Amino acid sequence: MGIDVYTAINGKLAHHTGEDPKDWTYDGVHGYLRESYGGGPFATAILLPEAFLTESNSDHCSEWLGQKVKKELPLRVISLLLYADEEAPYLAVEYPAAILRKRLAKTLSTVVKRYKGFGIELEKGNPVLQQFIDFVELAERVERETGQPIAVHISW
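According to our numbering, the sequence shown is numbered sequentially starting from 56.
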């Protein structure tokens, strides 16, 4: 169990290339983040706080995560279908790449702090840190190529 972050590009979910949930990609770059429930603070809530607040239980979000989650910006919320056979749409939040880039440093320091709490020192280039860097770089690339921001749906 964990926090799953799915990326939608031009209203469509990044392509799923295999059985593993980590296989969501856009032209070979991961459009998926995962963070376990065990112990905080949660870096996904630093990078994407508005996406947490689209859930039906958003009133309890800060209490559940053990950290304050507040909507920092009035970002556009859209609805999309994650899978073609689903009837009910999911809510997703559009994130301009510049916002994600601005939040990246604090996100990475949150990851380091969390792992330090587990007694693990993360070094530059560690895959746990790199997934957040890749995610922001994907958002920048998509926005550059399509002129549109990515949209993010969080399941937790």
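Think of the CB as a built atom: it goes at the ideal place given N, C-alpha and C, for glycine as much as any other residue.
Because the structure is a prediction, the values reported are computed rather than measured.
(message) Measuring only the C-alpha atoms, how far is L103 from G174?
(response) One C-alpha to the other measures close to 26 Å.
(message) Let me confirm a value: P178 is counted as buried when at least 16 other C-beta atoms fall within 10 Å, else exposed. Which label applies?
(response) Note that residue 178 is Glu in the sequence shown, not Pro. Exposed, by the Cβ-count rule.
(message) Taking the alpha helix (DSSP H) that G202 belongs to, which residues open and close that run?
(response) Where G202 is concerned, there is no enclosing alpha helix (DSSP H), given that its DSSP letter is neither H nor E.
(request) Using beta-carbon positions only, say whether L163 and L184 come within less than 8 Å of one another. (result) Yes.
(request) Have a look at A194 and R169 and give me their C-alpha separation to the nearest angstrom. (result) Their Cα atoms are separated by approximately 24 Å.
(message) Within the continuous alpha helix (DSSP H) that includes G172, where are the two ends?
(response) A152 to G172 is the extent of the alpha helix (DSSP H) around G172.
(message) Just to confirm my understanding: we take G172, look at its own chain, exclude 5 residues before and 5 after, and list those with CB closer than 8 Å. What are they?
(response) The beta carbon of G172 lies closer than 8 Å to those of G94 in the same chain, with the five residues before and after it left out.
(request) Taking I101 as part of the alpha helix (DSSP H), name the residues at either end of that continuous run. (result) Counting along the chain, the unbroken alpha helix (DSSP H) around I101 starts and ends at A98 to L102.
(request) Closer than 7 Å by C-beta to G57: which residues in its own chain qualify, once you throw out the five before and the five after it? Chain order, please. (result) Apart from sequence neighbours up to five positions away, the residues of its chain that approach G57 with a beta-carbon distance below 7 Å are R89, E90, S91 and Y92, ordered along the chain.
(message) Is the beta carbon of V166 closer than 8 Å to that of A98?
(response) Their beta carbons are under 8 Å apart, which means A98 touches V166 by this criterion.
(message) Quick check on E192: does DSSP put it in helix, strand or coil?
(response) Looking at E192 - three-state DSSP - the assignment turns out to be helix.
(message) In the DSSP assignment, the beta strand (DSSP E) including Y61 goes from what residue to what residue?
(response) Here the beta strand (DSSP E) through Y61 covers G57 to I64.
(message) Which residue marks the beginning of the beta strand (DSSP E) containing L88, and which one marks its end?
(response) For L88, the enclosing beta strand (DSSP E) begins and ends at Y87 to S91.
(request) Under 8 Å by Cβ, that's how I've got A206 and A63 pegged, so tell me the actual separation to the nearest angstrom. (result) Confirmed, about 4 Å.
(request) Name the one or two DSSP bridge partners that E178 has. (result) Bridge pairing for E178: absent [DSSP].
(message) Taking the straight line between their C-alpha atoms, what separation do you get for D189 and G180?
(response) Cα-Cα distance, rounded: 11 Å.
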